[in-house]
Amino acid sequence: MDTNGLLEKARAMRADIIEMLYRCQSGHPGGSLSCVEILMALYYKVANVDPAQPDWDQRDRIVLSKGHGCPALYAILADRGFFPREDLWRLRQIDSHLQGHPDMRKTPGIDCSTGSLGQGVSVAVGMALAAKYKKAHYRVYAILGDGEIQEGMVWEAAMSAAHYKLDNLVFILDHNGLQIDGTNDQVMSLGDIVAKFRAFGFACREVDGHDIEELANAISSPEVGRPLFVLAETVKGKGVSFMEHNAGWHGKPMNAQEYAAAMAELKGTHHG
Amino acid sequence: MAESKSLRVAYGEALAELGAHDDKVVVLDADLSHATMTSIFAAKYPERFFNFGLAEANMMGAAAGFAHSGLIPFVSTFALFGTGRAYEQIRNSIAYPKANVKFGLSHSGLSVGEDGGSHQSIEDIALMRVLPGMTIFVPCDPLETKKAVFAAAAIDGPVYIRVARPVVEVITSEDAPFIPGVANVLRGGADVCIIATGLMVKDALVAADALAAKGVGASVVNMHTIKPFDADCVLRMARTCKAIVTVEEHSVIGGLGSAVAEVLAGQSGVKFARIGIQDTFGRSGKPADLFKAYGLTAEDIERQCLALLS
Numbered sequence: 069m070d071t072n073g074l075l076e077k078a079r080a081m082r083a084d085i086i087e088m089l090y091r092c093q094s095g096h097p098g099g100s101l102s103c104v105e106i107l108m109a110l111y112y113k114v115a116n117v118d119p120a121q122p123d124w125d126q127r128d129r130i131v132l133s134k135g136h137g138c139p140a141l142y143a144i145l146a147d148r149g150f151f152p153r154e155d156l157w158r159l160r161q162i163d164s165h166l167q168g169h170p171d172m173r174k175t176p177g178i179d180c181s182t183g184s185l186g187q188g189v190s191v192a193v194g195m196a197l198a199a200k201y202k203k204a205h206y207r208v209y210a211i212l213g214d215g216e217i218q219e220g221m222v223w224e225a226a227m228s229a230a231h232y233k234l235d236n237l238v239f240i241l242d243h244n245g246l247q248i249d250g251t252n253d254q255v256m257s258l259g260d261i262v263a264k265f266r267a268f269g270f271a272c273r274e275v276d277g278h279d280i281e282e283l284a285n286a287i288s289s290p291e292v293g294r295p296l297f298v299l300a301e302t303v304k305g306k307g308v309s310f311m312e313h314n315a316g317w318h319g320k321p322m323n324a325q326e327y328a329a330a331m332a333e334l335k336g337t338h339h340g
Numbered sequence: 046m047a048e049s050k051s052l053r054v055a056y057g058e059a060l061a062e063l064g065a066h067d068d069k070v071v072v073l074d075a076d077l078s079h080a081t082m083t084s085i086f087a088a089k090y091p092e093r094f095f096n097f098g099l100a101e102a103n104m105m106g107a108a109a110g111f112a113h114s115g116l117i118p119f120v121s122t123f124a125l126f127g128t129g130r131a132y133e134q135i136r137n138s139i140a141y142p143k144a145n146v147k148f149g150l151s152h153s154g155l156s157v158g159e160d161g162g163s164h165q166s167i168e169d170i171a172l173m174r175v176l177p178g179m180t181i182f183v184p185c186d187p188l189e190t191k192k193a194v195f196a197a198a199a200i201d202g203p204v205y206i207r208v209a210r211p212v213v214e215v216i217t218s219e220d221a222p223f224i225p226g227v228a229n230v231l232r233g234g235a236d237v238c239i240i241a242t243g244l245m246v247k248d249a250l251v252a253a254d255a256l257a258a259k260g261v262g263a264s265v266v267n268m269h270t271i272k273p274f275d276a277d278c279v280l281r282m283a284r285t286c287k288a289i290v291t292v293e294e295h296s297v298i299g300g301l302g303s304a305v306a307e308v309l310a311g312q313s314g315v316k317f318a319r320i321g322i323q324d325t326f327g328r329s330g331k332p333a334d335l336f337k338a339y340g341l342t343a344e345d346i347e348r349q350c351l352a353l354l355s
């Protein structure tokens with residue numbers, strides 16, 4: 069897919085996210101919209117996955133550790149053909165396989181059940197270590213939220229990733245700067261995030277988290293002997309002007325006017 | 046007769062034997078391998094042993110990652126730090142997605158002894174019992190510990206094996222069955238039924254002997270599996286005996302005593318008492334002194350049985 073195609077696709081994914089969240093009147097728009105390009109870089113550019121065989125044992129593993137961003141993941145998995153797009157409109161409904169947070173036992177293409185923040189990165193460490201033990205060549209990608217790295221176990225996971233020299237493991241931070249109660253700095257300052265991961269033994273890169281090419285380049289070139297940390301600078305609520313940079317849209321349902329305004333922006337004039 | 050040994054040594058030896066059969070078996074520990082005795086496995090299969098340092102939460106998540114990759118991880122640390130500190134990691138990253146992770150957690154119960162109340166897990170069975178899909182084994186001797194390890198490996202899903210620290214005699218036989226969820230009735234007697242688990246099974250047998258000498262017939266049930274729970278056995282005993290006494294080295298809240306009470310409630314009017322730790326924390330002391338102080342001896346069991354029957 070060329071650059072224009074990817075830009076169009078990103079807008080379509082965002083429209084699907086808004087549609088899903090408006091229909092179920094719950095869920096997390098801000099953090100879903102911020103990680104669209106990160107997930108697209110993985111599912112359209114970098115990761116070796118096969119929608120026809122979601123459990124193929126040599127596939128790359130993708131762990132959405134910030135599980136509340138799953139509407140973005142569901143939209144992309146549907147677009148890649150892991151399940152029918154119509155399923156999206158049943159998000160969070162009884163009997164739907166699309167749970168409020170990712171469930172690997174229900175949804176094809178989900179590699180790890182997440183939702184309780186901090187845990188997905190540890191599971192990713194186990195997957196990467198298992199790949200080393202099995203001498204398998206697949207890679208493991210974990211996407212973290214910035215509020216999430218306040219969880220102590222993220223740093224336990226980071227320590228173990230460096231200790232075991234997991235150069236088949238990539239942590240990607242969706243750094244939108246906001247969490248439920250406000251900005252990271254208001255709630256619990258994260259300090260120099262890159263310096264911290266570097267001190268823990270990671271190779272570190274910083275990219276524009278809404279530039280798919282830049283993301284793809286950064287996450288697809290590992291360094292031998294150590295895990296990779298990619299800080300993706302993003303905008304919470306990206307693509308819907310009144311949601312952008314607004315912590316209030318972390319987990320708020322849209323009313324009819326807000327839904328119409330969001331869809332008009334996403335389906336209106338093409339900027340590609 | 047097989048030799049007496051600590052259940053943690055039996056656990057470590059069983060892991061090493063299991064590892065010889067199956068290279069999918071990997072072992073994870075949190076800087077306690079010389080206490081949990083996973084060091085026996087580590088010495089034999091260093092490439093399959095992963096130390097996570099003092100980071101139990103991360104170790105549990107990583108265990109799920111191993112399981113999601115088709116391996117069979119056995120995770121060890123002390124029972125308190127596994128089931129307690131890392132509870133929510135077990136809940137959400139292992140039990141919720143039905144990950145094929147085994148926990149061999151040692152130093153459970155009061156029998157840890159001198160380390161005191163901060164290290165004596167009196168609640169681990171309760172914490173694991175409320176998790177849907179969790180299997181719980183509480184072996185009573187070295188032979189049963191080995192059987193529990195092999196049975197755990199054969200189950201697809203999370204299994205908690207409660208491992209005790211003290212050296213204990215062998216009280217079961219090589220050919221005794223170990224069927225998950227099926228209690229072993231060790232002795233028959235129509236007056237009272239003593240249902241015990243783990244280290245307390247031996248004391249239940251001693252109490253039954255003492256009761257027999259006084260003309261009181263006591264059945265003894267070895268409830269080696271706490272989940273899935275053998276409710277049929279409990280109801281059978283409630284029909285054939287006049288009283289039931291449960292015995293565990295665990296809080297009477299949430300463990301074996303609670304499981305039996307849940308079965309009996311509304312279904313049986315049999316006289317019933319629970320011996321265990323009575324909603325209090327432990328403290329330092331020699332295990333034998335602690336068992337006396339907390340009412341967990343054969344004499345305590347005998348006394349409780351006679352009191353219920355009188």
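Protein chains in written order, with the numbering used here: chain B, 69 to 340; chain Y, 46 to 355.
Beta carbons: idealized from backbone N, C-alpha and C, even for Gly.
Bear in mind that the values here come from a model prediction, so they are computed numbers and not experimental data.
Extent of the continuous beta strand (DSSP E) to which residue i belongs
i      : result
Y/H295 : A288 to S296
B/C272 : A271 to D276
Y/R319 : K316 to I322
Y/S78  : Premise fails: Y/S78 lies in the alpha helix (DSSP H), S78 to T81, not in any beta strand (DSSP E).
B/L132 : R129 to L132
B/T175 : Neither: B/T175 is in no beta strand (DSSP E) and is coded neither H nor E.
B/L212 : V208 to G213
B/V298 : L296 to E301
Y/T362 : Only positions 46 to 355 of chain Y appear in this structure, which leaves residue 362 of chain Y out of reach.
B/L156 : Looking at the DSSP string, B/L156 is not in any beta strand (DSSP E), and its letter there is neither H nor E.
Y/D74  : V70 to D74
B/H243 : L237 to H243
Beta-carbon proximity check, residue i vs residue j, cutoff 9 Å
i      : j      : result
Y/F95  : Y/A109 : no
B/A210 : B/V114 : no
Y/I240 : Y/L301 : yes
B/T302 : B/H278 : yes
Y/I117 : Y/A198 : yes
Y/S121 : Y/Y205 : no
Y/E189 : Y/S296 : no
Y/A131 : Y/P203 : no
B/L341 : B/L296 : Given that chain B is displayed from residue 69 to residue 340, the structure contains no residue 341 of chain B and the question cannot be resolved.
Span of the alpha helix (DSSP H), counted from its first residue to its last, around residue i
i      : result
B/K264 : I261 to A267
B/A342 : In the structure as shown, chain B starts at 69 and stops at 340, and residue 342 of chain B therefore has no counterpart that could be examined.
B/R82  : T71 to C92
B/A143 : C138 to R148
Y/H113 : E101 to H113
Y/F86  : S84 to K89
Y/G149 : Premise fails: Y/G149 lies in the beta strand (DSSP E), K147 to L150, not in any alpha helix (DSSP H).
Y/F336 : P332 to A338
Y/V399 : Beyond the ends of chain Y as shown, which are 46 and 355, falls residue 399 of chain Y; an answer cannot be given.
Cutoff 9 Å: residue i Cβ touching any chain Y Cβ
i      : result
B/D179 : yes
B/S309 : no
B/Y142 : no
B/G340 : Bear in mind that a pLDDT of 37 at B/G340, under 50, signals an unreliable position, so the number given afterwards is only what the model happens to contain. So, not an interface residue.
B/Q161 : no
B/D118 : no
B/S164 : no
Any C-beta of chain B under 9 Å from that of residue i
i      : result
Y/R284 : no
Y/K143 : yes
Y/P44  : The requested residue 44 of chain Y is not part of the displayed model; chain Y covers only 46 to 355.
Y/V38  : Absent from the structure is residue 38 of chain Y, since the part of chain Y shown begins at 46 and ends at 355.
Inter-residue Cα distance where the pair is residue i and residue j
i      : j      : result
B/Q126 : B/Y201 : 14 Å
B/P176 : Y/N145 : 19 Å
Y/A310 : Y/A276 : 12 Å
Y/A252 : Y/E347 : 5 Å
Y/D220 : Y/M105 : 34 Å
B/A300 : B/W223 : 18 Å
B/A146 : B/V117 : 13 Å
B/G293 : Y/A87  : 24 Å
B/A229 : Y/T81  : 24 Å
Y/K191 : B/W124 : 34 Å
B/K233 : B/A284 : 22 Å
Y/V227 : Y/F148 : 20 Å
Y/L73  : B/A332 : 53 Å
Cβ-heavy atom distance, residue i to the ligand ATP, below 8 Å
i     : result
Y/E62 : Within the structure as shown, the ligand ATP is missing, as the structure has no ligands at all.
Within the segment 171-240 of chain Y, note down every full beta strand (DSSP E) run reaching 3 residues or more, in order along the chain. The segment 171-240 of chain Y contains these whole beta strand (DSSP E) runs: 180-182, 204-207 and 229-232.
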